[in-house]
Amino acid sequence: MLKEPLALVGMSCRLPGGDGLDEFWKLVAQGATAWGSLPADRLNRNLYFASEKGTVGKSYSELGGLVSGRSVDRSVCPLTSDHIENYDIAHQVFLEVASRACRDAGLDPFAMPKHCRTGVYVGHTGGSAKVGDYVYSTRIDEAAHLLHEVDVARELLGDDAVTRVSNEVTAAVRQRYPGRKAGRPVALSALDAARLVREALQLEGPYLVVDAACASSLQALAIAARALNAGSIDQAIVGGASYCKSDSLVLFSAAQSVSNKGSCPFGKNADGLVTAEGYVALVLKTLSKAVEDGDRIRAVIRGIGVASDGKGKSLWAPRQEGQTLAVQRAYPKKEDLSEIEYIEAHATSTQVGDATELGALAGLLSQHIPPDKKVPIGSVKANVGHTLETAGLASLVKVVLAMEHNLIPPGTTADELNDEFNWRDGPFRVPKSTEKWERREDGKPRLAAVNAFGIGGLNVHLAIAEHVESVKAVRPAGGRNQLVRDDPI
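For reference, each letter of the sequence shown is one residue, going 114 to 602 in the numbering used here.
Printed below as a string of structure tokens:
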């Protein structure tokens, strides 16, 4: 629960098919998709692919969503040669996106304001495969030496041959995966995603990363919100950073939760998610601070609900109870639930996950939404795939852009909807094409909802509204009328 709403004063993104806000909006407004077959440098098919499900250590899907492969633009962010040498490429990309969000907020990344407490909060679990390459290179001699402890190898080859094979394997791995150079340790931990932003922008404030699986970026936002509401920081850079690599595909394939066909949230034939990478950054202040500073306010975060599923059937099985609780906690005034005009669902394109989320939302909202009202619902995963740690903020950016363009994008790429949910009697509908999103006749701000759920039952729900600014006349005692801003939330 927020003591004071938050103002979104800057944002930027680098997502599959959407290198920047304009490209991203064009993608989702057209209902287009930006995932496809992964290139060899992201999925070594000889090592990690097998078309048959259940093959140990292999992915049965070759699909993924990647951002553009262009270099980081050093003209828009203070990325030094030292940063390039010592930080993971994923962290460098996030620095550019964070810098662009600052620019969108009217700030100069090369000269951020002094004596301003800016916290950095990033949903992120790890960067590229570079850290794995270093592990291979530094530990391969120990691993290869274990051949000497395999009796059958010594019996078949002899000690000399085992030694030769061990040495050849070690040399081959070290040639393919060079080790660290002497000097400054390479910064490859997850925390370095936030550390690089703080260091490069020379910020005065805390920095941290959050691992809440696919709810990471919205959990990071929730932590930043508490700091802003407590007055311990003046503004926050909140982001999500995810990098697509074979490890994720193999992990999700072991659980048989990925698709080798495509991402179609709410679809009757949905058979799994498509993993993707992505980077999103926001600049946030309390609403009163943003108004005082004269900032352009792109949207207002009115409520945040965080909850856990608790004990369930398994780690992978979502529960309606935890999801419902997260939604309830985001709306102190229960009547606000009836004001929701659009829902951006987590909807990863799995049968059980999508049906569980729809059931949780319907069970709660049916009590507040009139029977004749059908709320549009959609999922950005239809367009870009599942951006994992970044998923929640990718959804948020989609909603903000939809409000700004007064349009509701298509909600899915599926031809037929999941028949595990009663669409006829439920409070939702899935737009099949772009629709006009009219402003309210009473002048109140439009309200939307965003879900993000992490494996293990880590649930976050946001209530987000457009910013509607009006001007009214106030007559102070004994004085003339003054025009003051009235900022409804």
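Think of the CB as a built atom: it goes at the ideal place given N, C-alpha and C, for glycine as much as any other residue.
{"Check": "Could you name the residues that DSSP lists as bridge partners for His-499?", "Outcome": "Thr-388"}
{"Check": "Can you tell me the Cβ-Cβ gap for Leu-530 and Val-543, rounded? I've got them flagged as a contact below 8 Å.", "Outcome": "6 Å"}
{"Check": "Helix, strand or coil, according to DSSP, for Arg-230 in the structure here?", "Outcome": "strand"}
{"Check": "Determine the contact status of Ala-475 and Cys-327, defining contact as a CB-CB distance below 7 Å.", "Outcome": "no"}
{"Check": "Whole-angstrom Cβ separation of Glu-502 and Ser-302, contact assumed at under 8 Å?", "Outcome": "Between Ser-302 and Glu-502 the Cβ distance is about 15 Å, and since that is not below 8 Å, they are no contact."}
{"Check": "What residue does the alpha helix (DSSP H) around Leu-428 start on, and which one ends it?", "Outcome": "Looking at the DSSP string, Leu-428 is not in any alpha helix (DSSP H), and its letter there is neither H nor E."}
{"Check": "Beta-carbon within less than 6 Å of Ala-313's beta-carbon, same chain only, minus the 5 sequence neighbours each way: which residues are those?", "Outcome": "Pro-191 and Leu-208"}
{"Check": "Alpha carbon to alpha carbon, how far is Asp-422 from Gly-149? Give it in angstroms, no decimals.", "Outcome": "33 Å"}
{"Check": "How many whole angstroms separate the CB atoms of Ala-224 and Gly-123, which I take to be in contact at a CB cut-off of 8 Å?", "Outcome": "Going by Cβ atoms, the distance from Ala-224 to Gly-123 rounds to 16 Å, so no, they are not a contact pair."}
{"Check": "Give every residue of the same chain whose Cβ lies closer than 7 Å to the Cβ of Gly-466, excluding the five residues on either side of it in the sequence, and list them in chain order.", "Outcome": "Pro-431"}
{"Check": "Cα separation between Ile-414 and Ala-394?", "Outcome": "15 Å"}
{"Check": "Could you compute how far the alpha carbon of Asp-360 sits from the alpha carbon of Ser-462?", "Outcome": "20 Å"}
{"Check": "With 16 other CB atoms within 10 Å as the buried threshold, where does Arg-411 fall?", "Outcome": "buried"}
{"Check": "Could you tell me which whole alpha helix (DSSP H) segments of length 4 or greater appear in the region 246 to 314?", "Outcome": "264 to 270, 272 to 289 and 305 to 314"}
{"Check": "For Ile-568, I'd like the list of residues in its chain whose CB is within less than 8 Å of its CB, leaving aside the five on either flank, ordered along the chain.", "Outcome": "Ala-326, Cys-327, Leu-428 and Trp-429"}
{"Check": "What residues are listed by DSSP as bridge partners for Gly-131?", "Outcome": "Leu-128"}
{"Check": "Look at the alpha carbon of Ala-383 and the alpha carbon of Thr-283, and state the distance between them as a whole number of angstroms.", "Outcome": "43 Å"}
{"Check": "Exposed or buried, which one is Cys-229 when buried takes at least 16 other CB atoms within 10 Å?", "Outcome": "exposed"}
{"Check": "Straight-line CA distance for Gly-539 to Gln-480?", "Outcome": "11 Å"}
{"Check": "Does DSSP put Lys-486 in a helix, in a strand, or in coil?", "Outcome": "coil"}
{"Check": "Measuring straight from C-alpha to C-alpha, what distance separates Lys-511 and Val-275?", "Outcome": "57 Å"}
{"Check": "Using only the alpha-carbon positions, how far apart do Lys-243 and Ser-184 sit?", "Outcome": "17 Å"}
{"Check": "Here's a check: name, in chain order, each residue in its chain whose Cβ is nearer than 6 Å to the Cβ of Phe-137, leaving out the five neighbours to either side.", "Outcome": "Cys-126, Leu-128 and Gly-131"}
{"Check": "What is the C-beta distance between Ala-147 and Val-497, in whole angstroms, given that I count them as a contact (C-beta under 8 Å)?", "Outcome": "5 Å"}
{"Check": "Would the C-beta of Leu-571 count as close to the ligand ATP, meaning under 6 Å from any of its heavy atoms?", "Outcome": "With respect to the ligand ATP, the structure offers nothing, as it holds no ligand at all."}
{"Check": "Let me check one thing: in DSSP terms, what residues is Leu-172 bridge-paired to?", "Outcome": "Before going on, a small fix: residue 172 reads as Ser here, not Leu. For Ser-172, which the question treats as bridged, DSSP gives the partners Phe-162."}
{"Check": "Could you tell me how far apart the beta carbons of Lys-171 and Val-363 are, in whole angstroms, since I believe they sit closer than 8 Å?", "Outcome": "7 Å"}
{"Check": "Measure the CB-CB distance between Val-322 and Glu-457 and report whether it falls below 7 Å.", "Outcome": "no"}
{"Check": "How many Å lie between Glu-405 and Ser-366 at the Cα?", "Outcome": "50 Å"}
{"Check": "Using only CA atoms, which one of Gln-441, Ser-451 and Gln-348 lies nearest to Ser-401?", "Outcome": "Gln-348"}
{"Check": "Rounded C-beta distance between Ala-337 and Tyr-234? I'm assuming under 8 Å.", "Outcome": "4 Å"}
{"Check": "Using only CA atoms, which one of Lys-424, Ile-482 and Arg-339 lies nearest to Gly-435?", "Outcome": "Lys-424"}
{"Check": "Go ahead and pull the three-state DSSP assignment for Ser-635.", "Outcome": "The requested residue 635 is not part of the displayed model; the chain covers only 114 to 602."}
{"Check": "Under the rule that 16 or more other beta-carbon atoms within 10 Å means buried, what is Leu-160, buried or exposed?", "Outcome": "exposed"}
{"Check": "Identify which residue in Leu-119, Ser-250, Glu-198 and Val-141 has its Cα closest to the Cα of Ile-521.", "Outcome": "Val-141"}
{"Check": "What are the partner residues of Trp-148, as DSSP defines its beta bridges?", "Outcome": "Gly-178"}
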